[in-house]
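Just below is one structure, and these are the notes that go with it.
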Amino acid sequence: MSSSGKHNSKRLARAKVKPTEGSATGEKDSRPAPKKKTPAQARADRKKRVTSIVIIVFAVIMAVSMMMPSCSAIVGNNQTSESAKKESTSSNKDDSSSSSQKDDSSSSSSKTASTSDSLKKLDSSYEESLASLQKRLKKNPKDLAALLNLGNGYMSWGYQAASLATTDADKTHVNDILGKAIDYFDQYLELNDSDTVKVNRALCQFHQGDTDAALQALQKVTEDSPKFPLGWANLGMVYESKGQTGNAQAAYKKAEKTDPKDSYGAKSFAEQRLSAIESAASSSANGASSTTGTTSGTSGQGLSGALGGIGLSGSGN
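The numbering of the sequence shown is this note's numbering, which starts it at 37 and goes up by one.
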């Protein structure tokens with residue numbers, strides 16, 4: 037083959053090897069290539085995105101602001117409701133307290149009025165029953181029976197009135213009644229000596245609150261009449277009221293000894309008081325608080341009950 041022929045063959049071979057456009061290995065994308073944005077277009081796109089975000093945020097803010105009044109109203113209603121409940125509770129407590137105070141005041145006033153009425157009725161009853169004795173005494177100032185009965189009558193009146201006395205005026209009234217009893221006893225003693233009358237007189241002093249005078253009077257009775265049981269029994273009572281337990285026990289034992297058959301009631305009374313004192317001492321030793329059943333101090337209300345209403349005042353000497 038000539039040199040020109042070889043040259044042409046090489047040229048044909050190279051032509052076959054060179055890939056043509058559109059082949060599988062070298063085919064170019066037929067889609068148009070994206071165009072590159074200009075700076076002005078990029079700025080416009082960013083502006084659109086920012087505007088969209090601002091609109092969304094504004095919409096959210098508007099929605100929240102529209103919801104706030106409702107939330108505020110709900111919270112406000114809840115607070116108002118709680119406040120109303122508290123005010124209602126406080127008002128109910130105040131009303132209850134006020135009502136309770138009114139009830140207590142009304143009850144106290146009613147009780148005072150009732151006591152006053154009872155005291156007036158008692159006074160009226162005794163004034164009527166003692167009126168005939170006073171008329172009798174006017175006719176005969178030395179009528180011993182009238183004097184004794186008037187003294188005992190006023191004494192009994194004073195004891196019963198003391199159980200109803202609630203005010204200072206009532207207590208003063210009671211002392212006045214007992215004072216009249218003492219006056220009649222004194223008139224009687226000027227005419228006739230009597231240990232029983234002396235004891236009754238001392239009891240009136242005791243229930244007036246003059247414990248020392250009562251003690252001295254009863255000591256004198258027991259010195260002058262050591263075998264008179266009522267003197268010892270009442271002396272023990274006065275000692276006990278003053279807290280002189282040892283002296284009270286000694287006097288009560290004397291009362292037992294001088295009234296072995298309990299003719300005056302002194303023995304049984306003394307036994308009762310001695311038992312109460314021993315019980316109180318036992319409770320005190322065990323660390324427990326106890327009361328002996330008598331009234332401490334000088335009021336004497338409890339003691340008058342323990343002594344049968346008007347004390348141990350039998351009809352002895």
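All C-beta atoms, glycine included, are put in the ideal place defined by N, C-alpha and C.
A direct Cα-Cα distance of roughly 24 Å separates ARG309 from ASP260.
Note on LYS263: under 16 other CB atoms within 10 angstroms of its CB, so exposed under the neighbour-count rule. Of the residues ASP204, TYR190 and ASP159, the one whose Cα lies closest to the Cα of LEU214 is TYR190. Closest in C-alpha terms to TRP268, from the list THR247, ALA302, GLN280 and LYS297, comes ALA302. One alpha carbon belongs to ASN322, the other to SER311, and they sit about 17 Å apart.
Taking 7 Å as the cut-off, the Cβ atoms of LEU251 and VAL274 count as close. The three-state reading of DSSP puts GLY187 in helix, counting H, G and I together. ALA291 and ASN283 have their C-alpha atoms some 12 Å from each other. Excluding residues up to 5 positions away in sequence, nothing lies with its Cβ nearer than 7 Å to the Cβ of ASP81 in the same chain. Exposure of PRO177 is indicated by the presence of fewer than 16 other C-beta atoms within 10 angstroms of its C-beta. GLY279 sits exposed, since fewer than 16 C-beta atoms from the chains shown fall within 10 Å of its C-beta. Taking 7 Å as the cut-off, the beta carbon of LEU158 is found closer than this to the beta carbon of ALA197. Across the structure, SER154 and ASN228 are spaced so that their CA atoms are roughly 36 Å apart. Take the alpha-carbon of ASP204 and the one of GLY245: they are about 13 Å apart. DSSP, read as helix, strand or coil, puts SER199 in coil.
One alpha carbon belongs to LEU239, the other to THR247, and they sit about 9 Å apart.
For TYR220, the uninterrupted alpha helix (DSSP H) segment begins and ends at 204–227. Going by DSSP, GLY272 is part of the alpha helix (DSSP H) stretching over 265–277. As the crow flies, the alpha-carbon of ALA181 is around 33 Å from that of GLU276. DSSP places TYR288 in the helix class (H, G or I) of the three-state scheme. A straight-line Cα-Cα distance of about 27 Å links SER315 and THR258. When the five nearest sequence neighbours on each side are left out, the beta carbons in the same chain lying within less than 6 Å of the beta carbon of TYR220 are those of LEU183, LEU186 and GLY187, in order along the chain.
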